[in-house]
Structure formats: C-alpha cells, structure tokens
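Colleague: In order, the protein sequences belong to chains A and B.
Note that our numbering has the first sequence beginning at 1, numbered continuously upward.
Note that our numbering has the second sequence beginning at 1001, numbered continuously upward.
Even for Gly, the Cβ is constructed at its ideal location relative to N, Cα and C.
Here it is, the structure in full.
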Amino acid sequence: MDAADDPRATGADDAFEREVRTVFQDTLGLIHIALVTHYQLGESEALELEKDLYVWFLRFCYRPGNSSAREARPFLLVACCQFAREYQKYLLGSGVRSSDEKLRRLLEREPLDVARDFSRSLELLSFRSPNES
Amino acid sequence: MSHSAKILAFPARALAASLSPRDAELHARDFLAIPVDERTDADRESFLSSPDVLLSICSLLKRNRDLAPAAVLKEAESIYRWISRPGCDLGLFDERDYFLGETALVAGGASRWLGKREEAFLWLDRAEAGFRHTMNPAPGLANVAYARLALRFEMGRHQDVLELMPSLEASFTKLRMDVEAAKCRLLQAMTLKMTGEHSEAIELLGGVHRNPSLSSDPFLRAKILAELGDLHQLQGQFGLAMAAFQEASQLLQDKEPSPARADLKLCVGATYKALGSFGAAKEAYRAAQQEYSALEMPGPVAYTRLLIAETLLEMNCDREAEWEILAALPTIDDIKMVPEGLAAMALLRESVRKRNTDTSALKQLRVQLQATS
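Encoded structure:
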C-alpha cells in the first residue's frame, strides 16, 4: 500500500503517525511475504489486507501501553497472520479456493506461533541495522 | 455470483475508513454533547461504528472519570451496551474486544469513585473478558488489576494490597507505563499509612511527584503531594507538611473541582486539627465536603461529615456534631463494611439518639470509613 497517500499525514499527530508509517513500511516486505508466499493470498488480496492492517496498526499504537510503534511490530505480525488465516479459512470453507498440504498445515498452526517465526526475522533485521532501536 | 464477488464480501472495507485524531475528537465531543437519554440508535450507529471516534471517546471519558464519575458511568455503560449487543460488527481484528475492555474499565473506575463496589467488580470482570481477547492484553489486564487492588484498599484489605502491589508496579514499569507505575506507588504508600508505617510510606513517595512522566498530570502530582504532606503531619513534621500542601495547591490552582483538590483540603484540615486550630480545621473539612458533593461522591462526603463531627465535639459543639453524624449515617448504611464498622455504627447511632455521642464509636467508624474515602 502507499501509506504516503493517507490524509492523516497532515494532521496534528504528524510525528507519531510518521513513526507508525515508517515502521509499517519497514515491516511491509515481511508482511507481504507472509500473506503471499506463506498464506498464498493473491497480490490484490494481499494489498487489500495490508491497507486494513495499516489502519488497525495506527489505532493499535494509540492504545495505552504501546510505548513505540517499533516495539509493537510483533503484534502487527500476529494480526497479519490471524487475518490471513481467517481469510483463507473463509475462502476454503466456502469452496471458492482449494488447499494444498503446505497451506493446510500452516492454517492448522496458531497465528501467534507463525508470527513468532516471523518475529525472529525482525530480530535479525534489527541486528543487521545498528541504527535502529 | 462470481468468485470475485464472494472474495470481496469478507473484509468489510467501510470499517477500515479512518479519521484524523483531531476529526475523531470533534466527532467524539459531538456525540458526548447529545444527552444520553436523547440519543437515538441512529446517533450511536453513526458515531460508535468508527473505531477512531470510539478511541477518542474512551480517552475523553478517562480524562473526566474522576471529575464527573456519575456522568462518565452513564456514558460508559451506554456505550458498552451498544458494543456488546449481539451481532455488533465493530472495527478490525480485535477492536470490538478492546473497546469492550476499555469502556468496562472506565465504568468500573467510575463505579468505584461512586462507592458502588459490587458494580465495580462486575465491570472489572467485563473489562478483563474484553482485554483477554485482544492482541496485546497485558496493558489492559494490568489496569484491571490496579483497579481491583484499589477496590481492595477501600475494603480495608491492606495486606492484600501490600503483597500484590509491588508485582503490579513492576509490570507497569516493564510495560513503560510510568504514570500507572506511579499510581501503584501512591496506593502502596496510602496503604502503609493505613497500617501505621508512616516512615516507609514517606520513603516510598519521596520524589515520585517530580517524575517527568507525570508532568502532564497535575491531579496525580497534587494527590501524591497531599499524601506526602499528610504523612509528614502524622509524623509531627508540620513544616514539611505545609510545604507539600502549598506545592499541591499551586498545581490545582484554576482547576475545576477534583478528588485531588478535595483530598488536599482534607489533609490540610487534619494538619490544622493536629495543631489544635479546630475552627480552621472545620472550615477546611467543610470545603472538602463541598468539593466531594460537587463530584457526587457520597462515601467521602459521609467520611468528611464524621471528621467535622469529631472536630465539633472538640469545640464542645455537641448538637452540631450530632447533626453531622445523622446526616452521614444513611450513606454509611449503604456502604458494605466489616463487622467492626457495623458495630461502631450501631453504638454511635444509639449514643446520638440518647444525645450523648460516643466519641470512641465515632472514631472507630471514621477509621473504618477512611479507606473508602
């Protein structure tokens, strides 16, 4: 998605929203891989889910107890896996789409566990970028 | 129906539309400006279906919870009922559960201020049920745990509070919720005051009000200073007490009535009384009572009346003291107290009926009520 088109960018909470948007954009590559490669969503479906994820993540970061958007990234990945799982289950259940063994096994796993694997990738990214917090 | 039409039916696109925080707050204020009783389902549908507006409403309600608890309880309950109705499809992912948790937590806090303990516990159970299903339940659940300990404090369960509060403070610190961590420390100090461990309480509170994270919360800073001052006066350190009260008073200048300002007046009254200035003590207590009345907090109003009665007895104004006690008793009747409190109330009621106020029963009842206030 192109978060730069978001009209919120001119609002009073600019700095905070910029931080959230930056973190989201930094994580978007991983999210896209999770949705398309692992959960086997189509490109257009993934783009739609990414828009929802951004809107949700922005509001999530406003909740009390979220000290920074960067530290909230693992929750973004859990939300990504959960929504992709529910979406695919819906499609499989309604007979619109058929499943292969790999997808079936992934859908049996808890989104939290799948996201944990992706979070390890985030840790690796942080390790490689010493300027990141 | 084509396959693509089926695919589009799943994500509800309209729900993802977002408002800027400023616009959301304007909508939230518009919604809250409509009297609860005059709101239509169309109003609720129009405003509450936006998570941005709900986020803003929750923030406004939390800000006003201590200043207008009765109104906030009514609002929070009404919004909770709307969100919890069957078939309500709100927001994305976990947002419905989150808002159920938030509105129930606000309602629980407001119920506590209003002395409705049973209701408060039920609201906190509801809040926990909501937060448990959210993506990041820890902050919400920690806030619920704090509210439950505050209720236990009011019920005189001081050892429970002293046992559990350090762990909760550590949780808030880990979550980097510094304001909430400071509130834990304040409640722990207030509990130590109740158990007579004044020096430990002073040590615990020392410097907390200077924590930079509290700079935007003058009410909390003032409350901490008022408690610190009260602890100093209990130790006979009247100079330090007055200095703390002065600093607290400056923080609350030009502010609307608040529990913090009423508590401060109560502490000032206690200091005057300890110094033997009964007239000034009575005036300070009366000012506190008026402030609690304005905030619709019946428990503290009754407690303050007993303080005034004790002061009037010191001034040999027995008849006026009886009036204060008689005015307080109906409210105290509504508060669930431990058996010692009930016994003291029966003794006091009987002694007032006989026009010979039992001062030790009065003191005992006041002590039982102190935590509630």
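For residue 1176 of chain B, which residues in chain A fall below 7 Å Cβ to Cβ?
Modeller: Here the question's residue 1176 of chain B lines up with position 176 in the second sequence. Listed along the chain, the chain A residues whose CB falls inside 7 Å of the CB of residue 1176 of chain B are 67.
Colleague: Do residue 1347 of chain B and residue 1358 of chain B have their beta-carbon atoms positioned less than 7 Å apart in this structure?
Modeller: Mapped onto the second sequence, residue 1358 of chain B falls at position 358. Mapped onto the second sequence, residue 1347 of chain B falls at position 347. Cβ distance < 7 Å, so residue 1358 of chain B and residue 1347 of chain B count as in contact.
Colleague: When the distance is taken between beta carbons, is residue 1025 of chain B closer than 7 Å to residue 1379 of chain B?
Modeller: What is shown of chain B runs 1001 to 1373, which leaves residue 1379 of chain B out entirely.
Colleague: Can you find the residues in the same chain that come closer than 7 Å, C-beta to C-beta, to residue 1120 of chain B, ignoring five residues on each side of it along the sequence?
Modeller: Along the second sequence, one-based indexing puts residue 1120 of chain B at 120. Answer for residue 1120 of chain B: 1108, 1111, 1112 and 1151, listed in chain order.
Colleague: Counting Cβ pairs closer than 8 Å, one from the region 1063–1073 of chain B and one from the region 1086–1096 of chain B, do we hit at least three?
Modeller: no
Colleague: Are the beta-carbon atoms belonging to residue 1198 of chain B and residue 1233 of chain B less than 7 Å from one another?
Modeller: Stepping through the second sequence from its first residue, residue 1198 of chain B is reached at position 198. Stepping through the second sequence from its first residue, residue 1233 of chain B is reached at position 233. Result no, Cβ atoms of residue 1198 of chain B and residue 1233 of chain B do not sit closer than 7 Å.
Colleague: Out of B:1177, B:1300, B:1214 and B:1229, point me to the one whose CA is closest to residue 1193 of chain B's CA.
Modeller: Reading the second sequence from its first residue, position 193 is the one you call residue 1193 of chain B. Taking only the C-alpha atoms, the option nearest residue 1193 of chain B is B:1229.
Colleague: Is it true that the CB of residue 1268 of chain B sits closer than 7 Å to the CB of residue 1284 of chain B?
Modeller: Looking up residue 1284 of chain B in the second sequence gives position 284. Looking up residue 1268 of chain B in the second sequence gives position 268. Cβ distance < 7 Å, so residue 1284 of chain B and residue 1268 of chain B count as in contact.
Colleague: Report the neighbours of residue 100 of chain A on chain B: residues whose CB is nearer than 8 Å to its CB, in chain order.
Modeller: Mapped onto the first sequence, residue 100 of chain A falls at position 100. Per Cβ cutoff of 8 Å: no residues; residue 100 of chain A is ~18 Å from chain B at best.
Colleague: Please classify residue 1190 of chain B: does DSSP put it in a helix, a strand, or coil?
Modeller: As a position in the second sequence, residue 1190 of chain B is number 190, starting the count at 1. Three-state DSSP puts residue 1190 of chain B in a helix.
Colleague: From B:1147, B:1190, B:1271 and B:1033, pick the residue whose C-alpha is nearest to that of residue 1180 of chain B; which is it?
Modeller: Taking the second sequence and counting its residues from 1, one reaches residue 1180 of chain B at position 180. Of B:1147, B:1190, B:1271 and B:1033, the residue nearest in Cα terms is B:1147.
Colleague: DSSP three-state call for residue 1265 of chain B: helix, strand or coil?
Modeller: Position 265 of the second sequence, counting from 1, holds the residue named residue 1265 of chain B. Helix, per DSSP.
Colleague: Can you find a CB in chain A that lies within less than 7 Å of the CB of residue 1011 of chain B?
Modeller: One-based indexing of the second sequence puts residue 1011 of chain B at position 11. Since pLDDT at residue 1011 of chain B reaches only 45, below the 50 mark, its modelled position is unreliable, and no value is offered.
Colleague: Contact defined as beta carbons within less than 8 Å: I believe residue 1304 of chain B pairs with residue 1289 of chain B. What is the distance between those atoms, to the nearest angstrom?
Modeller: For the purposes of this step, residue 1304 of chain B is taken as the residue at position 304 of the second sequence. For the purposes of this step, residue 1289 of chain B is taken as the residue at position 289 of the second sequence. Between residue 1289 of chain B and residue 1304 of chain B the Cβ distance is about 4 Å, and since that is below 8 Å, they are a contact.
Colleague: Is it buried or exposed for residue 1159 of chain B, if we count other Cβ within 10 angstroms and need 16 for buried?
Modeller: Residue 1159 of chain B sits at position 159 when you count from the first residue of the second sequence. Classification for residue 1159 of chain B: exposed.
Colleague: Hey, does residue 79 of chain A have any beta-carbon neighbour from chain B nearer than 7 Å?
Modeller: Numbered from 1 along the first sequence, position 79 holds the residue referred to as residue 79 of chain A. Closer than 7 Å: yes.
Colleague: Would you report the Cα separation of residue 1028 of chain B and residue 1054 of chain B, rounded to the nearest angstrom?
Modeller: Residue numbering aside, residue 1028 of chain B sits at position 28 when the second sequence is read from its first letter. Residue numbering aside, residue 1054 of chain B sits at position 54 when the second sequence is read from its first letter. Their backbone Cα atoms lie some 7 Å apart in a straight line.
Colleague: Check residue 1051 of chain B in the structure and name its three-state DSSP category.
Modeller: As a first step, residue 1051 of chain B is located in the second sequence; it is residue number 51 there, counting from the start. DSSP places residue 1051 of chain B in helix when its eight states are reduced to three.
Colleague: Just tell me which of A:17, A:85, A:73 and A:47 has its CA closest to the CA of residue 106 of chain A.
Modeller: Against the first sequence, residue 106 of chain A aligns to sequence position 106. Closest option to residue 106 of chain A, Cα to Cα, is A:85.
Colleague: Over what stretch of residues does the alpha helix (DSSP H) that includes residue 1330 of chain B continue unbroken?
Modeller: In the second sequence, the residue the question calls residue 1330 of chain B occupies position 330. Its alpha helix (DSSP H) spans residues 1318–1334.
Colleague: Could you check whether the region 1126–1144 of chain B touches the region 1175–1190 of chain B, counting it as contact only if at least three pairs of C-beta atoms, one from each stretch, sit closer than 8 Å?
Modeller: Under the three-pair Cβ rule at 8 Å, the region 1126–1144 of chain B counts as touching the region 1175–1190 of chain B.
Colleague: So, are the CB atoms of residue 1221 of chain B and residue 1251 of chain B less than 7 Å apart?
Modeller: The count along the second sequence starts at 1 and reaches residue 1221 of chain B at position 221. The count along the second sequence starts at 1 and reaches residue 1251 of chain B at position 251. Going by C-beta atoms, residue 1221 of chain B is nearer than 7 Å to residue 1251 of chain B.
Colleague: Enumerate in chain order the residues of its own chain whose CB-to-CB distance from residue 1311 of chain B is below 7 Å, with the five nearest sequence positions on each side excluded.
Modeller: As a first step, residue 1311 of chain B must be located in the second sequence, where it is residue number 311. Once the five neighbours on either side are set aside, the close Cβ partners of residue 1311 of chain B are 1273, 1278, 1281, 1282 and 1285.
Colleague: Give the list of continuous alpha helix (DSSP H) stretches no shorter than 4 residues that lie fully inside the region 1150–1215 of chain B.
Modeller: 1158–1174, 1178–1194 and 1198–1205
Colleague: Below 7 Å on C-beta distance, what does residue 75 of chain A contact in chain B?
Modeller: In the first sequence, residue 75 of chain A corresponds to position 75, counting from 1. Ordered by position in chain B, the residues that pass the 7 Å Cβ test against residue 75 of chain A are 1135 and 1136.
Colleague: Closer than 9 Å, Cβ to any Cβ of chain A: which residues of the region 1112–1144 of chain B, in chain order?
Modeller: 1134, 1135, 1136, 1138, 1139, 1140, 1142 and 1143
Colleague: At 8 Å on the CB atoms, spell out the chain A contacts of residue 1052 of chain B, in chain order.
Modeller: The residue given as residue 1052 of chain B occupies position 52 in the second sequence. Neighbours of residue 1052 of chain B on chain A, chain order: 59.
Colleague: Which chain A residues are close to residue 1098 of chain B, counting only those with a beta carbon under 8 Å from its beta carbon?
Modeller: Along the second sequence, read from residue 1 onward, the residue named residue 1098 of chain B stands at position 98. Under the 8 Å cutoff, chain A gives 63.
Colleague: Compare the beta carbon distance of residue 1219 of chain B and residue 1258 of chain B with 7 Å and say whether it is the shorter of the two.
Modeller: For the purposes of this step, residue 1219 of chain B is identified with residue 219 of the second sequence, where counting begins at 1. For the purposes of this step, residue 1258 of chain B is identified with residue 258 of the second sequence, where counting begins at 1. It is a contact, given that the beta carbons lie within the stated cut-off.
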